[in-house]
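*Asks:*
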Amino acid sequence: MIQDEITKRVLILDGAMGTVIQEYGLNEQDFRGERFQDIPGQMKGNNDVLNLTRPDVIQDIFERYLKAGADIISTNTFNAQRVSQADYHLQAYAKEMNLTSARMAREAADRYSTPNHPRFVAGSVGPTNKTCSMSPDVSDPARREMTYDELYEAYMEQMEGLIEGGVDAILIETIFDSLNAKVAIDAAIHARGNRDIPIMLSVTISDAAGRTLSGQTLEAFLASVSSFPIFSIGLNCSFGARQMKPYLKELSRIAPYYISAHPNAGLPNSLGLYDETPETMAPQIAEFIDEGLVNIVGGCCGTTPAFIEKYAPLAVGKKPHQPVEKSPKMLLSGLDLLEVSSHLADANSHLSAFTNVGERCNVAGSRKFLRLIKEKSYEEALQIARKQVEDGALVIDVNMDDGLLDAKAEMVTFLNLIASEPEIARVPVMIDSSKWDVIMAGLKCVQGKSIVNSISLKEGEEVFLSHARDVMRMGAAVVVMCFDEQGQATTYERRIEIAERAYRLLTEKVGFLPQDIIFDPNVLAIATGMEEHNAYAVDFIRATEWIRKNLPGAHISGGVSNLSFSFRGNNYLREAMHAVFLYHAIQKGMDFGIVNPSTKVTYDDIPKEQLQLIEDVVLNRHPESAELLMGITGEANDTSSTSEASPTSLSLEDRLQNALIKGVGTTLEDDLKEALEKYPRPVDIIEGPLMAGMNEVGRRFGEGKMFLPQVVKTARTMKQAVAILQPALEAAKGDDTGKSGNVKKILLATVKGDVHDIGKNIVGVIMACNGYEVIDLGVMVPAEQIVQRAKDEQVDMIGLSGLITPSLEEMVNVARELEKAGLNIPIMIGGATTSELHVALKIAPVYGGPVVWLKDASQNPLVAQRLMSDVDEYSKELNKEYAQMREDYHQEQQQLLSLDEARRRKTKLFE
Ligand code: THG
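Here the sequence shown stands for residues 100 to 1010, where the numbers follow my numbering.
(1) Could you check which residue in Glu883, Ser656, Glu607 has the C-alpha nearest to that of Phe618?
(2) Rounded to the nearest angstrom, what separates Glu272 and Asp389 at their Cα positions?
(3) So, with DSSP's three-state summary, where would you put Phe611?
(4) Are there any heavy atoms of the ligand THG lying less than 6 angstroms away from the beta-carbon of Val894, as far as the coordinates show?
(5) If contacts are defined as beta-carbon pairs under 8 angstroms, then Gln614 and Gly652 qualify, I think. What distance do you get, rounded to the angstrom?
(6) Count the other CB atoms, across all protein chains shown, that sit within 10 Å of the CB of Asp703; report buried if there are 16 or more and exposed otherwise.
(7) Closest to Ala385 by CA distance: which of Glu195, Arg341, Val659 is it?
(8) If you measure from the CB of Val622, is any heavy atom of the ligand THG nearer than 6 angstroms?
(9) Could you tell me the distance, in whole angstroms, from the CA atom of Leu471 to the CA atom of Glu479?
(10) So does Ile693 have its beta carbon nearer than 6 angstroms to some heavy atom of the ligand THG?
(11) Give the straight-line distance between the Cα atoms of Pro1043 and Arg202, rounded to the nearest whole angstrom.
(12) Taking 6 angstroms as the line, does the beta carbon of Asn461 fall inside it for any heavy atom of the ligand THG?
(13) If I measure Cβ to Cβ from Tyr635 and keep anything under 6 angstroms in the same chain, skipping five residues before and after, which residues do I get?
(14) In whole angstroms, give me the CA-to-CA distance for Gly930 and Met793.
(15) Locate the beta strand (DSSP E) running through Lys844, then write down its first and last residues.
(16) If distances are taken between C-alpha atoms only, which option among Glu776, Asn923, Thr227, Met539 comes closest to Gln190?
(17) Could you check whether Phe177 and Ser223 sit closer than 7 angstroms to each other, using their CB atoms as the reference points?
(18) Does DSSP classify Ile274 as helix, strand or coil?
(19) Would you mind sorting Glu1012 into buried or exposed? The rule is 16 or more other CB atoms within 10 Å of its CB.
(20) Skipping 5 residues on each side, what residues in its chain have a beta carbon closer than 6 angstroms to that of Arg815?
(21) Just how far apart, CA to CA, sit Ala221 and Lys761?
(22) Hey, how far is the Cα of Ile101 from the Cα of Phe161?
(23) Between Ile120, Ala848, Ser183, which has its C-alpha nearest Tyr164's C-alpha?
(24) What do you reckon, is the C-beta of Val578 under 6 angstroms from a heavy atom of the ligand THG?
(25) Sorted by chain position, which residues of the same chain lie with C-beta nearer than 7 angstroms to Asn335's C-beta, five sequence neighbours on each side aside?
(26) Runs of 3 residues minimum, wholly inside the region 418–447: which ones carry the beta strand (DSSP E) assignment?
(27) Could you check if Asp531 belongs to the surroundings of the ligand THG, using beta carbon to heavy atom distance under 6 angstroms?
(28) Measuring from the CB of Glu474, is there a heavy atom of the ligand THG at a distance below 6 angstroms?
(29) Does the region 659–678 come within contact of the region 526–533, defined as at least 3 CB pairs closer than 8 angstroms?
(30) Below 6 angstroms, is the gap between the Cβ of Glu509 and the nearest heavy atom of the ligand THG?
(31) Verify whether the separation of the beta carbon atoms of Thr403 and Thr118 is less than 7 angstroms.
(32) Could you tell me if Met629 is buried or exposed, where buried requires 16 or more neighbouring beta carbons within 10 angstroms of its beta carbon?
(33) What residue range does the beta strand (DSSP E) around Tyr981 cover?
(34) May I ask you to report which of helix, strand or coil DSSP gives Gly457?
(35) So, does the CB of Lys107 fall closer than 7 angstroms to a CB anywhere in chain D?
(36) Any heavy atom of the ligand THG closer than 6 angstroms to the Cβ of Ser697?
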């Protein structure tokens, strides 16, 4: 078993599958085989189908890795699920691919196993080509290409195939979206049942700030999976070993699992090739092993059996990494980590130990929020969430329970919208509903680790346990209300009785971690005029103290604003009461509270006489004081106001730039109106301050100071700005000499095999702003479709985008197909791995029309302008430049001689 071997030595994992497959020079027919003659489209590139059509090649690769010394080989199933296979019309064969690949790997591993040196098979599970937590469309941030349940079905089928084929472990790899990963874990746990098949994870960091593609930090990701039974966690792809090392160090310092590393053979160079060799990589891998950072090492893109052969001896006799202890703290996350200690705070540090949960995104708790949701004014509703986070809310509660709303649909929409707002998505959410299907639907939208609000024993143990198991399955923490079959607990005794019973059930029957349980002993309204209500607050506080002492690890929360319902309309008094209540409850261990985060009244601010009176009421010292409370009003104006002063001290240009950088469009309307008066042409506003803002965003992203979801947001704000300027742009177009009536068309596409579209979307916005008609084909667009649409629409330009290395090859393919179709429409090339050199060497030579490489989106209008006005002259310039670059390149290459040539030229010493 892997579980036994991993404690003894550092295990060697295999290297890349795709890179090695390329060595075999397979053609379309090899991929297609006899079986798939009639399937439309291109099959080449679908490596997973080779399990069925060229099993000999796959077996050979398994064998070569085993021979090279791999302890673990992974199945050739990275894309073998129906979501990805749909592109090749092979959904129906997904399961068979897994089963076959696992069987072949099993057979090979068994053949190489000896009692002293067992070999293992890991079932490779990739992220699919769709993401669950990001929108495929910048202008519709709530949209999702795929739901949790759809992905779950696809993964389930894959896992079943792998397990039936005999894998020893499931390796969920190249994780770029934690929600996709959570679905995979959910499916793996269900597919394995009670078989002992460990789950291994491998994450891909994709920006300079060390975040995943979907925007989480490594720590936040660890929190997302912290309640799942994980065997190992590692990093793969995107970076070479050197860039990976700091993150690997962090991982081995904080992750309570075995650690794996499978770096690329360096970063791809401008041609998409890998510069590192087995000889240059080995010392870097040796560092990982020698410094005790890893338990498993292997390779990712660009590595081959020759690499693994060099790695295997490095591990001999070396001590494997010793996993750190699991944190006893509650781990929550949005895009960032929120760690909540389970320790009872001491009197001096209580403030830092309190987690305030924003209460305002609640249709039952805010008339304004209810109205906005009813009107579907989501932009403004999000503003309420954003304001709470700005005001310091560490978590936000979301509740859509209202008789006139479709609570489930609204919960899903709002959580999806939040996911596209990095300022808000930073923090974890508390999903608040009294309907279980609303909570489940909400949990299926969030990539972070959230809190379920709430479960209780009011419908008996069976329902309680079933809900608790659902929460476990979704990897969330939970609020347990002190309710049972007899109803709501209102006394001290009933509160602690229910809490204790629930605690036992959760920790003993369900296996819940105590630190993931939050008890809510019911904050109820006091000073209502009914005597039996007077002890509610003090009993809550006493129950809090008891629970913290007797139910170790568990937390305490409550809906603080409930306390003061009898004083509605007197906000100052309400907030003063809340401050007093929290002051005392926090001292006794209340460490969460659902509150209005913008409250301005603090305990110390309350004048002495008032304080005395309020404490008498809250602590039930003088029940008669309630009457007197009514007389208290504060100087403070309406503290719950959500209006936000805009910083008018900034210049117009700075305000516009800021709006873009922050991705907040609320001031755009006014500022753009002002700009229209100041600038001679509306397009000058776009190319001036707005473009400056976008460039600043690009710069910050490059430096790792902004991460992807923030960039997406800025793109959306840009679009919003353009929409506001649109009427003025239209009007101005009429003035432009002769241009109207002849709108130029540009076709945009992210090429097949690639899902990245931020850059492309920005280009779309900018081109639209410049008066071009944009036809955006989206992501993963096959060459045939590009050719077809280019012809049908008679476009004037084509923009091809791609971020990952294989996209380079695909762009060459698209250019070839366009050429074959007899087209010579100018092509613009952009995206992270693209380069002018690659265009000069590979793309321009296969295409008759002009091909231009663009460094960033700001260049598109200028280049387009030249292409549309003096294309002949421009083409000449480009061709000259490319010819020069090719020549320089070849000269450089020739300085590296072939082996034969080198031998021929050797210095002859003994003639
Ligand atoms: N425990 C748990 N969850 C909860 C509660 C709880 N969720 C909901 C609620 N109680 C906590 N949230 C609020 C939110 C707002 C108010 C009270 C509790 C509130 N709102 C103003 C009012 O009703 O006067 C409305 C003001 C407005 O319309 O703007 O007081 O106890 N687990």
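All C-beta atoms in this analysis are idealised placements derived from N, C-alpha and C, irrespective of residue type, glycine included.
*Replies:* From the atom records:
(1) Ser656
(2) 24 angstroms
(3) coil
(4) no
(5) 5 angstroms
(6) exposed
(7) Arg341
(8) Answer for Val622: yes, Cβ within range of the ligand THG.
(9) In this structure, the alpha-carbon of Leu471 lies about 7 angstroms from that of Glu479.
(10) Answer for Ile693: yes, Cβ within range of the ligand THG.
(11) Because residue 1043 is not part of the residues shown, which for the chain are 100 to 1010, the question remains open.
(12) Result yes, Cβ under 6 angstroms from the ligand THG.
(13) Leu623, Ile625
(14) 16 angstroms
(15) 844–849
(16) Thr227
(17) Contact: yes.
(18) strand
(19) In this structure the chain extends from 100 to 1010, so residue 1012 is not present and cannot be described.
(20) Val237
(21) Looking at the two C-alpha atoms, the distance is approximately 43 angstroms.
(22) 18 angstroms
(23) Ile120
(24) yes
(25) Glu272, Thr273, Ser301, Thr303, His361, Cys399
(26) Runs of the beta strand (DSSP E) inside the region 418–447: 429–432, 436–439.
(27) Because some heavy atom of the ligand THG lies under 6 angstroms away, the Cβ of Asp531 counts as near it: yes.
(28) no
(29) no
(30) For Glu509, the shortest separation between its Cβ and any heavy atom of the ligand THG does not lie below 6 angstroms.
(31) yes
(32) exposed
(33) Per DSSP, Tyr981 belongs to no beta strand (DSSP E); it is in the alpha helix (DSSP H), 970–993.
(34) strand
(35) Checking the listed chains, one finds no chain D in this structure; it contains a single protein chain.
(36) No, the Cβ of Ser697 stays beyond 6 angstroms of every heavy atom of the ligand THG.
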